[in-house]
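Everything in the sequence shown is counted per my numbering, starting at 265 for the first residue and increasing by one.
Beneath this line is the structure, given in structure tokens, with notes to follow.
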Amino acid sequence: MAGGRAPAITDLLQAWADDDAEAGERLFEAVYPELRMLARQRLAGENAAISIQATELIHEVYCKLVDQRRCSWQCRGQFFAVAAMMIRRILIDHAKQRCRRKRGSGVVHLSLDEVQIPWLPKTLDVLALDGALVELAGIEMRAAQIAELRFFAGLSLQETARVTGLSQSTVQRKWRFGKAWLARKLGPAP
265 MAGGRAPAIT
275 DLLQAWADDD
285 AEAGERLFEA
295 VYPELRMLAR
305 QRLAGENAAI
315 SIQATELIHE
325 VYCKLVDQRR
335 CSWQCRGQFF
345 AVAAMMIRRI
355 LIDHAKQRCR
365 RKRGSGVVHL
375 SLDEVQIPWL
385 PKTLDVLALD
395 GALVELAGIE
405 MRAAQIAELR
415 FFAGLSLQET
425 ARVTGLSQST
435 VQRKWRFGKA
445 WLARKLGPAP
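Okay, structure coming up:
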């Protein structure tokens with residue numbers, strides 16, 4: 265660490281991919297607070313019977329990320345995009361398990377306050393969101409990918425543009441389409 269500064273997450277990712285175990289530990293220490301904040305945001309406003317806590321969610325993500333260390337990491341945004349995809353999958357798996365146990369009742373609800381989308385309900389059925397994203401991907405793959413990054417990783421439009429390799433104007437255009445489509449699909453009935 266030059267000058268007492270912590271190394272950039274991208275540097276740690278690259279060192280970790282090169283089998284530097286210490287870099288992996290430092291990476292987890294560096295990203296843990298942000299991952300935990302993302303998990304808390306996704307779980308905020310959940311009903312009391314939620315089957316997973318933020319810490320447990322992040323630990324599951326970490327266990328899955330350990331298997332990805334040989335990935336050719338490009339940047340911090342790519343790392344968080346992969347983490348977002350894993351958060352989504354874990355939440356979907358937990359919601360499906362819960363539905364199986366309860367025979368359909370007690371579906372997990374996501375709080376979407378942080379994404380600031382006024383047309384969606386405060387809590388949203390994560391299985392409905394997943395189904396809508398899958399359906400949207402069949403229509404417009406990039407819009408679904410952008411929505412996933414916005415919902416599950418909390419990435420800004422600028423960060424999303426970096427992760428996807430698209431221009432910011434393209435991301436904005438596809439985000440507008442995705443928001444409108446999801447609003448129609450998931451929003452309250454008129």
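Backbone N, C-alpha and C fix where the C-beta goes; we use that ideal spot for every residue, glycine too.
The Cβ-Cβ distance between Ala318 and Leu307 falls below 8 Å. For Glu404, the CB contacts under 8 Å within the same chain, skipping 5 residues up- and downstream, are Lys438, Phe441, Gly442, Trp445 in chain order. For Gly341, the three-state secondary structure derived from DSSP is helix. The DSSP-derived three-state label of Gly402 is helix.
Within the same chain, Cβ atoms closer than 6 Å to the Cβ of Arg290 are found at Leu276, the five residues on either side in sequence being excluded. Under the three-state reduction of DSSP output, Ser431 falls in the coil class, being neither helix nor strand.
Counting C-beta pairs with one atom in each stretch, the region 387-398 and the region 319-328 have fewer than three that are closer than 8 Å, which means they do not touch. Counting only runs of at least 4 residues, the region 278-320 fully encloses the following alpha helix (DSSP H) elements, listed from N- to C-terminal order: 285-307.
Note that the C-beta distance between Ala287 and Trp280 is below 8 Å. Put simply, the backbone Cα of Met301 is about 13 Å away from that of Glu320. Between the C-alpha atoms of Val398 and Tyr296 there is a straight-line separation of about 28 Å. Counting the other CB atoms within 10 Å of its CB gives Gly341 a total of 16 or more, which places it among the buried residues. Remark: C-beta atoms of Ala347 and Leu329 approach each other more closely than 8 Å.
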